[in-house]
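Worksheet: the structure to be examined is printed underneath.
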Amino acid sequence: MSETSEKVSSAGAMNRLSDAVRTAKIAAADRGDVVVDMKEADRARLELLAQDLQPVFDDVPSDDPQWDFALSTGLQPRLWIDATSHVMMARDRRTYRFVRDTRLGRIVIVESTEIKPVSDAVTAYIAERIVERERLLEGDLISLRGGVPVSGPQATEVEETPAPVSVQAAALAEAPRRQSRWAGFVAGLVWFLIGALVAGGLVLALLQDRIGLVI
0 MSETSEKVSS
10 AGAMNRLSDA
20 VRTAKIAAAD
30 RGDVVVDMKE
40 ADRARLELLA
50 QDLQPVFDDV
60 PSDDPQWDFA
70 LSTGLQPRLW
80 IDATSHVMMA
90 RDRRTYRFVR
100 DTRLGRIVIV
110 ESTEIKPVSD
120 AVTAYIAERI
130 VERERLLEGD
140 LISLRGGVPV
150 SGPQATEVEE
160 TPAPVSVQAA
170 ALAEAPRRQS
180 RWAGFVAGLV
190 WFLIGALVAG
200 GLVLALLQDR
210 IGLVI
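Going by numbering that gives the first Met the number 0, the first residue of the sequence shown is number 0, and it counts up by one from there.
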């Protein structure tokens, strides 16, 4: 009787555990469905904003590489404007939040439950960035080889300017100095050799006189 009761209690415990595991799986599936539903809802709202901004995106010059204009489908969908700014949905799933990442942290540019204020803020941001880029490209380039300004961003080659007159005159004046130094060196060497020969002759004469006295 004791063995039979133990088997019954063990089977009952296993059934309770399997029921608990089944319940946990159902709850996890329900939570996953909720997460998927929230992602789909966020993505649908961001797609509506993207449709409202599509004419603005089309007017941006195609040769401007600073813009992304893409909708990411990660854990939290985002409408990317460029590498540092994007639009996402707040926790209430109804509020649009246009943010920008800076060195000091993330700042909120605009936040609204309506599409138009956010669309206007994004349009103004794009216009400001385009104006900033145009100002940078319109600046003159200063050549460090001759101090000659190079107008326009496409100027890639700068003709070398001739050396100033003072530099050329100094170079011309330096050549005679080098020649005079070389001539002075040669003359000194010649006089040194002459002196050495004279001194050698005097030494030989003294030696001959001494040899003659000894004989």
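C-beta atoms are modelled at their ideal positions from N, C-alpha and C, and glycine is treated no differently.
What does DSSP give as the partner residue(s) for R105 in the beta ladder?
D100
Tell me whether the beta-carbon of R99 lies closer than 9 Å to the beta-carbon of Y124.
yes
Residue closest to K115, alpha-carbon to alpha-carbon, out of R144, D67 and R96
R96
Excluding the 5 residues flanking V55 on each side, which residues of the same chain have their C-beta closer than 6 Å to its C-beta?
T122
Using three-state DSSP, classify P152 as helix, strand or coil.
Legend: pLDDT at P152 = 49, less than 50; position of this residue unreliable, no value from coordinates given.
7 Å Cβ shell around V117 - same chain, five flanking residues per side excluded
L48, V86, Y95, F97, V109 and S111
How should D41 be labelled, buried or exposed, when 16 other C-beta atoms within 10 angstroms of its C-beta is the threshold for buried?
buried
Kindly indicate which three-state DSSP category L70 falls into: helix, strand or coil?
strand
Per DSSP, what kind of secondary structure is V59 in: helix, strand or coil?
coil
Distance cutoff 9 Å, beta carbons only. Does L103 sit that close to anything in chain D?
The structure shown contains no chain D; it holds only a single protein chain.
Roughly how many angstroms lie between the CA atoms of L78 and L143, to the nearest whole one?
43 Å
Roughly how many whole angstroms lie between the Cα atoms of A23 and L16?
10 Å
Taking just the CA atoms, how far does G73 sit from D36?
13 Å
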